[in-house]
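The sequence shown begins at 1 in the UniProt record's numbering and counts up by one. Cβ coordinates follow ideal geometry from the N, Cα and C atoms, glycine included. The structure displayed is predicted, hence computed values, not measured ones. Structure, as structure tokens:
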Amino acid sequence: MSTSFEKHQKRRLISSYFSVVLSIALVLFLLGLLGMLILNAKKVSDHFKEQVVLTIYLKENAKDVEVKQLEKSLAMADYVKSTKYVSKEQAAEFMKAENGEDFMDFVGYNPLQNSIDVHLKADFVTSEHLEKISAEALNKNFVDEVTYDNDLVKLMNDNVKKISFWVLVISGIFTLIAVLLINSSIRLAVYSKRFTIKTMQMVGATKQFIRRPFVWKSVRLGIIGAILALIGMAIVLFYLNKTFTELELLSNPVLVGALFAFIFALGIIITWISTHFATQRFLNLKTDQLYY
Numbered sequence: 001m002s003t004s005f006e007k008h009q010k011r012r013l014i015s016s017y018f019s020v021v022l023s024i025a026l027v028l029f030l031l032g033l034l035g036m037l038i039l040n041a042k043k044v045s046d047h048f049k050e051q052v053v054l055t056i057y058l059k060e061n062a063k064d065v066e067v068k069q070l071e072k073s074l075a076m077a078d079y080v081k082s083t084k085y086v087s088k089e090q091a092a093e094f095m096k097a098e099n100g101e102d103f104m105d106f107v108g109y110n111p112l113q114n115s116i117d118v119h120l121k122a123d124f125v126t127s128e129h130l131e132k133i134s135a136e137a138l139n140k141n142f143v144d145e146v147t148y149d150n151d152l153v154k155l156m157n158d159n160v161k162k163i164s165f166w167v168l169v170i171s172g173i174f175t176l177i178a179v180l181l182i183n184s185s186i187r188l189a190v191y192s193k194r195f196t197i198k199t200m201q202m203v204g205a206t207k208q209f210i211r212r213p214f215v216w217k218s219v220r221l222g223i224i225g226a227i228l229a230l231i232g233m234a235i236v237l238f239y240l241n242k243t244f245t246e247l248e249l250l251s252n253p254v255l256v257g258a259l260f261a262f263i264f265a266l267g268i269i270i271t272w273i274s275t276h277f278a279t280q281r282f283l284n285l286k287t288d289q290l291y292y
């Protein structure tokens, strides 16, 4: 009979430990993903900003020397990421491929202009910078027009500010939820041992002596949960880096390593603190209060 009871208690204990490890792993995994989002938020926003094109249309009488000089000066500017000269013939071919028909068959000639497509560095993709760059280009007598999507730029910058704010708010809330969830799981695990804690206390064991094995056990569970979370994060990061190579998610291994170290340390710290306070609570209870 006692053997059957002991087996039942052992199964309950293993189940309790498993739920603690699973809770820690899932919470730390989601917290790690949020951390990766925060670390790469600027990189992602910069990537989309740098897709904005400022197009400089050239007049028909523009000389090759003038165009090449403009290209060279743009390439050397600290605000330019890349430039590309697009002849009117190339533009016509592109439109033909896009529309599936040759518009020159109806018009009879090529009305398009030679142009230079300019991609700016992300920090310079603002309405003020674009307006200034456009004004400088229009000062050239061989430049006919400069165009860019100003509404898109304003919308993009406004959205980046809003998203950054809400990501920080959500991060704070999620961190609090993570601590509360892990704390609840550990308190349930310690609760199953409340009679053992009180028995040890009644035979003269000190609070520190009673608390120590519970703390070390929880810390070990925290380490296991953190390792599982890190494995999941590594798989997700590897997949995203392979799928979205242009984002270069692994370009800064120091930051990635710091995030992994933080998640690992967080698993240990939260379990240690939670177990300390959970055992303290049961140590301070009277014997008749253990049944409630």
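**OP:** Give the single residue among V179, V125, T199 whose Cα lies nearest to the Cα of L30.
**Re:** Scanning V179, V125, T199 for the CA closest to the CA of L30 turns up V179.
Original post:
Where does T206 fall in DSSP's three states?
Top reply: T206: coil per DSSP, three-state reduction.
Original post:
Should A229 and L28 be called a contact, given that it needs their Cβ atoms to be closer than 8 Å?
Top reply: At a Cβ-Cβ threshold of 8 Å, A229 and L28 count as neighbours.
**OP:** Compare the Cα-Cα distances from A41 to each of S184, K161, L188, I231 and report the closest residue.
**Re:** For the set S184, K161, L188, I231, the Cα lying nearest the Cα of A41 is the one of K161.
**OP:** Using a threshold of 8 Å, state whether the C-beta atoms of K81 and L120 are closer than that.
**Re:** Contact flag set, yes.
**OP:** Decide if the stretch 212 to 229 is in contact with the stretch 266 to 285; the criterion is three or more beta carbon pairs, one per stretch, under 8 Å apart.
**Re:** Enough Cβ pairs lie closer than 8 Å, so yes.
**OP:** Put Y85 into one of helix, strand or coil per three-state DSSP.
**Re:** Y85 sits in a strand when the DSSP states are folded into three classes.
Subject >> Spatial neighbours of F5 in its chain, beta-carbon cut-off 8 Å, leaving aside the 5 residues before and after >> reply: Note on F5: pLDDT 44, under 50, position unreliable in the model; the coordinate value appears next. No residues qualify anywhere along the chain.
Original post:
Three-state secondary structure (DSSP) at K115?
Top reply: According to the sequence displayed, residue 115 carries Ser and not Lys. Three-state DSSP puts S115 in a strand.
Subject >> Buried versus exposed, by CB contacts within 10 Å (16 or more), R211 >> reply: Using a 10 angstroms sphere on the CB of R211, the tally of other CB atoms reaches 16 or more, which defines it as buried.
Subject >> L138, buried or exposed, once every other Cβ within 10 Å from all chains shown has been counted against 16 >> reply: With fewer than 16 Cβ atoms within 10 Å of its Cβ, L138 is classed as exposed.
Original post:
Which partner residues does L58 have in the DSSP bridge list?
Top reply: Residue pairing by DSSP places L58 opposite V143 in a beta bridge.
Original post:
Under the rule that 16 or more other beta-carbon atoms within 10 Å means buried, what is residue 301, buried or exposed?
Top reply: In this structure the chain extends from 1 to 292, so residue 301 is not present and cannot be described.
**OP:** In the DSSP assignment, find the unbroken alpha helix (DSSP H) run with Q51 in it and report its ends.
**Re:** For Q51, no alpha helix (DSSP H) segment is defined, and its DSSP state is neither H nor E.
Original post:
Going by DSSP, what residues sit across from L120 in a beta bridge?
Top reply: Under the DSSP definition of a beta bridge, L120 partners with V80.
**OP:** Give the secondary structure of F5 by DSSP, where H, G and I count as helix, E and B as strand, and everything else as coil.
**Re:** Since pLDDT at F5 reaches only 44, below the 50 mark, its modelled position is unreliable, and no value is offered.
Original post:
Measuring CA to CA, which of S45, L58, M233, L240 is closest to F142?
Top reply: For the residues S45, L58, M233, L240, the minimum Cα distance to F142 belongs to L58.
**OP:** State the start and end residues of the unbroken alpha helix (DSSP H) segment that holds E131.
**Re:** Annotation for E131: the continuous alpha helix (DSSP H) segment containing it runs 127 to 138.
Subject >> Rounded Cβ spacing between L130 and V153 (contact assumed at less than 8 Å) >> reply: L130 to V153, Cβ: 6 Å. Contact.
**OP:** Keeping to the same chain, check which residues put their C-beta closer than 7 Å to that of L283; ignore five residues upstream and five downstream.
**Re:** For L283, the CB contacts under 7 Å within the same chain, skipping 5 residues up- and downstream, are I197, Q201, K207, I210 in chain order.
Subject >> F260 versus N99: straight-line alpha-carbon distance, rounded >> reply: Roughly 49 Å between the two C-alpha positions.
Subject >> Same chain, Cβ closer than 6 Å to T55, neighbours up to 5 away in sequence not counted >> reply: Within the same chain, T55 has close Cβ partners S115, D117, T147.
Subject >> Cα-Cα separation, D144 to F124 >> reply: Take the alpha-carbon of D144 and the one of F124: they are about 23 Å apart.
Original post:
Measuring CA to CA, which of A205, F244, E128, V169 is closest to D151?
Top reply: Distances from the CA of D151 to each of A205, F244, E128, V169 were compared; the closest alpha carbon is that of E128.
**OP:** Consult DSSP for D149 and reduce its assignment to one of helix, strand or coil.
**Re:** In the displayed model, D149 falls within coil according to three-state DSSP, outside both helix and strand.
Subject >> M233 classed as buried or exposed, judged by whether at least 16 other C-beta atoms fall within 10 angstroms >> reply: Buried: at least 16 other Cβ atoms inside 10 Å.
Original post:
What separation, rounded to the nearest whole angstrom, lies between the Cα atoms of V219 and L176?
Top reply: The straight-line gap from Cα to Cα measures roughly 19 Å.
Subject >> Buried or exposed by the 16-neighbour rule on C-beta atoms within 10 Å, applied to residue 370 >> reply: With the chain represented from 1 up to 292, any question about residue 370 goes unanswered, as that position is not in the structure.
Original post:
Shorter than 8 Å from the beta carbon of S45 to some beta carbon of chain B?
Top reply: No chain B is part of this structure, which consists of one protein chain only.
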